[in-house]
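Below is one structure; the comments refer to it alone.
Residue numbers (this note's numbering): 1 to 753.
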C-alpha cells in the first residue's frame, strides 16, 4: 500500500541530529500515526506514518521512509516533493554515517582466516559450494537452496584486499617516480584487469633481465605481427617516408623517420644526431637508409620541411631514385607564409612587405606585452585569475601559427580583460610601473585595437584552416592543389570586403599578401601534387565544376598538364608504357567509361573508392592512382614529442645496448601509434593517454617545456589547449630559454646548404 491520505502541514523535521539507537535515523522526520479509518490492516514490520514535510500518510517499513525522504525511485512509494536539497543532503549524510558504522562494527567483529601454509596454495573450496545466485541441493535433506558466496565476511575481506592492492600500486608510483598520467595508460589498466580475471597461482612479475631481453624481443615480434597487414599493403598502395627534426631545450637534435600510408603511420626509427654535421649529405644518407629498409619500389615520396638543406637532400634522393619525389611539408609552408605576413622583417629586400604588414607585427607585439605584463607579477596575475576562467597562452615562436594562436586566445578572453581593466582592483593598483598599467588598460578598452585583431583573424582564417586540415597523416596529397587555390580566393575576398573594393580594383595590401602566398606555393608545389590532383575523379565532375565558373578540369589547366607530364615521364621510362598511360589518361579525363555509373560516381564516391570500383578500365593508370591517392601531404605525424627524445637519452644513460635500445624505441612508439586507432583513445578513461600529461585532471602543474611539448602536438584550438594549458598555474613564469626551444625546420630563407 502506498499513499493513504493527505493533510497539509508545514515541514517540521526534528532538529535533533543524534542517530537513534534503532539505527534508523530517518524515523525522526516522520510521525507514527494510528490506522486511518477504512485503511488496510498493517502486517509484518509495516506501520502507518505521516511525513513531516508533505503531510501525507503512508504505510510501510523503514525502507519506505528512506525511499520517500531521500527521493529514491521505484521503491513502491512516492518521493517527497517538499524535501529541499539541503535537507535531503543532511538526511543522506545521517543515513550514510549509520551504514558506515554498521560495516565497521561487522568488520571488527570478524575473525581473520589464517593464511594457507607456504606452497600449499589457497584454502580449498568445498565441492558443494556454488557461485552466487546458483541453486544447490543439500545432500542431507535433498532440498534445493539458494547459496550465496558474497557473505558479509567475504565482502569485508575483498574490500580490505582491494584497499591493500590500491596502496601497493600507489606505492609503486611514488617510489618509482612514475607520472600520475601513467595510470591512464591502457596497457597498465589491461594488465591488472587480466590479473584480476585469471587465477595464476604462484605468479611472479617479470624481472629486470626478462624485461630487457626475452620479453622485449617477444614484444618486438608481437608489434611486427600487428603492423604486418599495414606493411603488406605498401607494395600496392604505396607509402610515404616522413621525416621531422627537432631539438630539445638543450639543443640536442633528434630526427624521426616514419612511414605513412592509407593504413596509418608506422614508426621506423629515431636518430640522435648529436655530434653530426647535418648537411645535405647526412640528411640524404639518413633518408636513403630508410628507403632501403622499406624497399624503394614501395616508396612514393619523402616529406620533410622545406629548408634549403632538406631541399638539397631531396634532390640527391631524386637523383638516385627517379620514381621517388621529395615533397615539402604543406603545413610548414603555410606556417612560413603566416610568419612572412604576421612577422614581416624590416630589411631592404622586404621593404614593401614591411610597409604593408608592419601594423600586424605591432598588434602581435602589443598582445605579447599584455600577456607578459599580467603574467610576470603575482598581484596582476591574481587579479586576472579572478576575472577569467581561461589562461593566457605561452606560445613558442617555433610553434605553427604562433601569432594567430595567441590572438585567438586573446579574443576569447576579451570580455574578461575588459572587466578587469575597469574594476576597482585595477583602479587601485599602485606600483612602479603604473605607466605600463595605463598602456595595457588603454589597449584593452580600445575598440579600434580589437577591430584590428578581428581583421587579422578574419583574413588569416582561410590560411589557418588549411593549415589545420593539412596537419594530419590522412591522405590529402590529391587535395592540396585545389585547397590552396580556394584558400587564396577566400583571403582575397575577405581583404576586399574589408577595404570595400570591387573585384577588379587594386589593393596594395592584398598585392603583398598574394605575392607571399604565391611565392610559398611555388616553392611547395611539385609535379606529384599536380599528378595526384589530375587523378581525382571529383575534379572532372559537373557538380564540382559548376560550383565556381572559374573552375576548369585538370586536363585543361596548362600548368597542371605540364607538371603532370614531367611526373609521368619519370614514372614510365619505357616509351610503350608511357604511350599506354597517356592513352588511358585521355579516356579517363574525357569521361569515356564503360559504365554510366562511373560518370555519376565521380562526385559521389571517394577518389580511392572510385578507382577501386571503376578503375579496371584503365589498369596502368589505376595502379598509379591507388598509390598516389593514399598519401599524406605533411610531416606533422612524425611525432613532434620531446618525450620520445628524453626516452632515448634515458636508454643511453642506462647503458642499454644499441640493438636493444632500438627495439625498445620501436616498440614504445608503434604501440602508442596503434593505440591511437582505437576508439577508446578519444572516448574513455584512457583518453589521449600518451600526450596530455598529468594536467588532464589536475588543476595545478608546473609550467615549462613540458607544456609546450603538448601544445606542439596539435592545432586543435582552443579545446585541447584549454585542457592542457588552461588549468595550469601560471604564477610561475616560463623562462625564455624554455620557450625558445627551436625546431630544426627553421625558415628556409635563413638556412644554408
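Backbone N, C-alpha and C define an ideal beta-carbon position, used for all residues, glycine too.
If you're wondering where the values come from, they're calculated on a predicted model, not measured in any experiment.
Beta-carbon separation of residue 631 and residue 233 under 8 Å?
-> If you number the chain shown from 1, residue 631 lands on position 631. If you number the chain shown from 1, residue 233 lands on position 233. Going by C-beta atoms, residue 631 is not nearer than 8 Å to residue 233.
Spell out a yes or no on whether the region 607-626 and the region 298-310 are touching, meaning 3 or more CB-CB pairs, one atom from each, closer than 8 Å.
-> As far as the Cβ criterion goes, the region 607-626 does not touch the region 298-310, which means the pair count is below three.
Is there contact here, the region 449-465 with the region 596-611, by at least three beta-carbon pairs under 8 Å?
-> Between the region 449-465 and the region 596-611, the count of Cβ pairs shorter than 8 Å is below three; the stretches do not touch.
Bridge partner(s) assigned by DSSP for residue 328 | Against the chain shown, residue 328 aligns to sequence position 328. For residue 328, which the question treats as bridged, DSSP gives the partners 304.
Tell me, please, which residues DSSP counts as bridged to residue 169.
-> The count along the chain shown starts at 1 and reaches residue 169 at position 169. Residue 169 is not bridged to any residue.
Can you tell me whether residue 592 is buried or exposed, with buried defined as 16 or more other CB within 10 angstroms of its CB?
-> Position 592 of the chain shown holds residue 592. Counting Cβ neighbours within 10 Å, residue 592 comes out exposed, since fewer than 16 surround it.
Ends of the alpha helix (DSSP H) at residue 357?
-> Stepping through the chain shown from its first residue, residue 357 is reached at position 357. For residue 357, the uninterrupted alpha helix (DSSP H) run begins and ends at 351-375, by DSSP.
Helix or strand or just coil, what does DSSP make of residue 185?
-> As a position in the chain shown, residue 185 is number 185, starting the count at 1. In the three-state DSSP reduction, residue 185 falls in the coil class, being neither helix nor strand.
When the distance is taken between beta carbons, is residue 317 closer than 8 Å to residue 341?
-> Taking the first residue of the chain shown as 1, we reach residue 341 at position 341. Taking the first residue of the chain shown as 1, we reach residue 317 at position 317. Taking C-beta atoms as the reference points, residue 341 and residue 317 fail to come closer than 8 Å.
Could you check which residue in 552, 535 and 534 has the C-alpha nearest to that of residue 542?
-> In the chain shown, counting from the first residue as 1, residue 542 sits at position 542. Among 552, 535 and 534, the Cα nearest to that of residue 542 is on 552.
Using the beta-carbon count (16 or more within 10 Å), is residue 583 buried or exposed?
-> For the purposes of this step, residue 583 is taken as residue 583 along the chain shown, with counting starting at 1. Result: exposed.
Return the bridge partner residues of residue 260 from the DSSP annotation.
-> Here residue 260 refers to the residue found at position 260 of the chain shown. In DSSP, residue 260 forms a bridge with 240 and 265.
With residue 373 and residue 436 assumed to form a contact (beta carbons below 8 Å), what rounded beta-carbon distance in angstroms separates them?
-> The residue given as residue 373 occupies position 373 in the chain shown. The residue given as residue 436 occupies position 436 in the chain shown. In this structure residue 373 is in contact with residue 436, their Cβ atoms being roughly 6 Å apart against a cut-off of 8 Å.
What are the boundary residues of the alpha helix (DSSP H) that includes residue 497?
-> One-based indexing of the chain shown puts residue 497 at position 497. For residue 497, the enclosing alpha helix (DSSP H) begins and ends at 480-499.
Go through the region 189-228 residue by residue and report every complete run of the alpha helix (DSSP H) that reaches 4 residues or more, in order.
-> Here the runs fully enclosed are 208-212.
How would you label residue 105, buried or exposed, when you count the other beta carbons within 10 angstroms and need 16 or more for buried?
-> For the purposes of this step, residue 105 is identified with residue 105 of the chain shown, where counting begins at 1. Per the 10 Å Cβ criterion, exposed.
Note the first and the last residue of the continuous alpha helix (DSSP H) segment covering residue 294.
-> By 1-based counting over the chain shown, the position of residue 294 is 294. That run of the alpha helix (DSSP H) goes 280-294.
Looking only at its own chain, which residues have a Cβ that is under 7 Å from the Cβ of residue 524, when we skip the five neighbours before and after it?
-> Here residue 524 corresponds to residue number 524 of the chain shown, with the count starting at 1. Cβ neighbours of residue 524 within its own chain (closer than 7 Å, five residues either side excluded): 306, 328, 330 and 333.
Which residues share a DSSP beta bridge with residue 32?
-> By one-based count along the chain shown, residue 32 stands at place 32. Answer by DSSP bridge pairing, in chain order: 49.
Within 8 Å, strictly: CB atoms of residue 533 and residue 481 | For this step, residue 533 is matched to residue 533 along the chain shown. For this step, residue 481 is matched to residue 481 along the chain shown. Yes. Within cutoff.
For residue 756, which three-state DSSP category applies?
-> What is shown of the chain runs 1 to 753, which leaves residue 756 out entirely.
Cross-strand partners of residue 514 (DSSP beta bridge) = Locating residue 514 in the chain shown gives position 514, counting from the first residue. Residue 514 is not bridged to any residue.
Where the alpha helix (DSSP H) containing residue 435 begins and where it ends | Numbered from its first residue, the chain shown carries residue 435 at position 435. It spans 434-444 - the alpha helix (DSSP H) in which residue 435 sits, taken as one unbroken run.
From residue 322 to residue 587, what distance separates their C-alpha atoms?
-> The residue you call residue 322 lines up with position 322 of the chain shown. The residue you call residue 587 lines up with position 587 of the chain shown. In a straight line, the C-alpha of residue 322 is about 27 Å away from that of residue 587.
Does the region 455-468 come within contact of the region 489-497, defined as at least 3 CB pairs closer than 8 Å?
-> The answer is yes - the region 489-497 touches the region 455-468, with three or more Cβ pairs under 8 Å.
Got a sec? Which residues, its chain only, sit under 8 Å from residue 173 by beta carbon, not counting five neighbours each side?
-> Residue mapping note: residue 173 aligns to position 173 of the chain shown, counting from 1. Excluding positions up to five away in sequence, the list reads 180, 182 and 183.
If you drop the 5 nearest sequence neighbours on each side, which residues of the same chain put their C-beta closer than 8 Å to that of residue 448?
-> Along the chain shown, read from residue 1 onward, the residue named residue 448 stands at position 448. The answer is none, since no qualifying residue turns up.
With a cut-off of 8 Å on the beta carbons, I'd call residue 526 and residue 636 a contact; round off their distance for me.
-> Counting from 1 along the chain shown, the entry for residue 526 is found at position 526. Counting from 1 along the chain shown, the entry for residue 636 is found at position 636. Not quite, the Cβ-Cβ distance comes to about 18 Å (not below 8 Å), so this is no contact.
Would you mind stating whether residue 444 and residue 412 have Cβ atoms separated by less than 8 Å?
-> Taking the first residue of the chain shown as position 1, residue 444 is located at position 444. Taking the first residue of the chain shown as position 1, residue 412 is located at position 412. Their beta carbons are not under 8 Å apart, which means residue 444 does not touch residue 412 by this criterion.
CB contact flag (residue 578, residue 585, <8 Å) | Reading the chain shown from its first residue, position 578 is the one you call residue 578. Reading the chain shown from its first residue, position 585 is the one you call residue 585. No, the pair does not count as a contact, with Cβ atoms beyond the cut-off.
Could you round the C-beta distance between residue 538 and residue 544 to whole angstroms and report it? I think they count as a contact, below 8 Å.
-> Residue mapping note: residue 538 aligns to position 538 of the chain shown, counting from 1. Residue mapping note: residue 544 aligns to position 544 of the chain shown, counting from 1. The beta carbons of residue 538 and residue 544 sit about 5 Å from each other, so the pair counts as a contact at 8 Å.
Give the single residue among 383, 171 and 26 whose Cα lies nearest to the Cα of residue 425.
-> Within the chain shown, the letter at position 425 stands for residue 425. It is 383 whose Cα lies nearest to the Cα of residue 425.
Spatial neighbours of residue 530 within its chain, please: CB distance less than 6 Å, with the 5 preceding and 5 following residues excluded, ordered by chain position.
-> Along the chain shown, one-based indexing puts residue 530 at 530. Same-chain partners within the cutoff: 560, 563 and 564.
Does the Cβ-Cβ distance between residue 457 and residue 517 come in under 8 Å?
-> To locate residue 457, count along the chain shown from 1; it is residue 457. To locate residue 517, count along the chain shown from 1; it is residue 517. Their beta carbons are not under 8 Å apart, which means residue 457 does not touch residue 517 by this criterion.
Could you check how far apart the C-beta atoms of residue 31 and residue 46 are, in whole angstroms? I think they sit under 8 Å.
-> What you label residue 31 is simply residue 31 of the chain shown in a count that begins at 1. What you label residue 46 is simply residue 46 of the chain shown in a count that begins at 1. About 16 Å separates the beta carbons of residue 31 and residue 46, which is beyond the 8 Å limit, so they are not a contact pair.
Examine chain C for any beta-carbon lying closer than 8 Å to the beta-carbon of residue 233, and answer yes or no.
-> Absence of chain C from the displayed structure is noted, only one protein chain being present.
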